[in-house]
Amino acid sequence: MKYNFLGHSGLKVSQLGFGAGTFGGQGEIFAAWGQASQAEANTMIQLCLDAGINYFDTADVYSHGESERMLGKALVSERQNNIISTKVGIRTTDHINDAGFSRNYLTSAVEQSLKRLGTDYIDVLQLHQFDSFTALAQLMKSLDELVRSGKVRYIGVSNFSGWQLMKA
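The numbering of the sequence shown is this note's numbering, which starts it at 420 and goes up by one.
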């Protein structure tokens, strides 16, 4: 397996990563993606590890958090040697503040992801989609606090346009 640096972070990740969106298969959308059981997830993860893959991606919204739970279980004995990336920001409940990037939501979402993943830190936390309602300065401060707390090591984005990144 070949490895590359993740941006300018100094973190080395495998050229190939594994997305766990098919784990769990709960809900109409995610059932259509796939319905991998825990046993199947364990097998897939072991094949990845055997091939040298060290980057694993999921999201809190995938199968209502089941993807995170299953990935965490599959990696439990190999946690220290691998990179877990998860995404937050898409509504996961009907609660009015359960989406976007407010400080309240980010803190809660990270705590819940940590619990589901069965770990005390997230290697790469990605913002799943752009939030035009939260002030950028507040967002950056909240992300900085998550990194300084040790709960998150690196920050990234998913589904952002170039102009949205330029605002940061």
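The C-beta atom is built at its ideal place from N, Cα and C for all residues, glycine as well.
Pick from the options that is closest to residue i, judged by C-alpha positions
i: A455; options: A470, A439, K534 and Q434; result: A439
i: N423; options: Y474, G446 and L468; result: Y474
i: I472; options: L435, E487 and L494; result: L435
i: Y481; options: D539, A451 and K586; result: A451
i: I509; options: S561, A478, L533 and N523; result: A478
i: V507; options: N500, R522 and S496; result: R522
i: E485; options: I574, F520 and G443; result: G443
i: Q548; options: E459, G581, A493 and A556; result: G581
i: Q557; options: F520, S428 and M420; result: F520
For residue i, the three-state DSSP class (helix, strand or coil)
i: V507; result: strand
i: K421; result: coil
i: V529; result: helix
i: V480; result: coil
i: G575; result: strand
i: I464; result: helix
i: F437; result: strand
i: A554; result: coil
i: I448; result: helix
i: D542; result: strand
i: K431; result: strand
i: A587; result: coil
Exposure label - residue i; buried when at least 16 CB within 10 Å
i: I515; result: exposed
i: E487; result: buried
i: I541; result: buried
i: T462; result: exposed
i: L494; result: buried
i: I448; result: exposed
i: F552; result: exposed
Integer-rounded CB distance, given that residue j should sit under 8 Å from residue i
i: L565; j: I502; result: Rounded, the Cβ-Cβ distance is 17 Å, inconsistent with contact.
i: L544; j: G491; result: That pair is no contact at about 15 Å.
i: V571; j: V529; result: 6 Å
i: S504; j: D476; result: 5 Å
i: A587; j: L546; result: With 8 Å as the limit, A587 and L546 do not qualify as a contact, their Cβ atoms being about 10 Å apart.
i: L533; j: E497; result: Contact doesn't hold; Cβ gap of about 17 Å is too wide.
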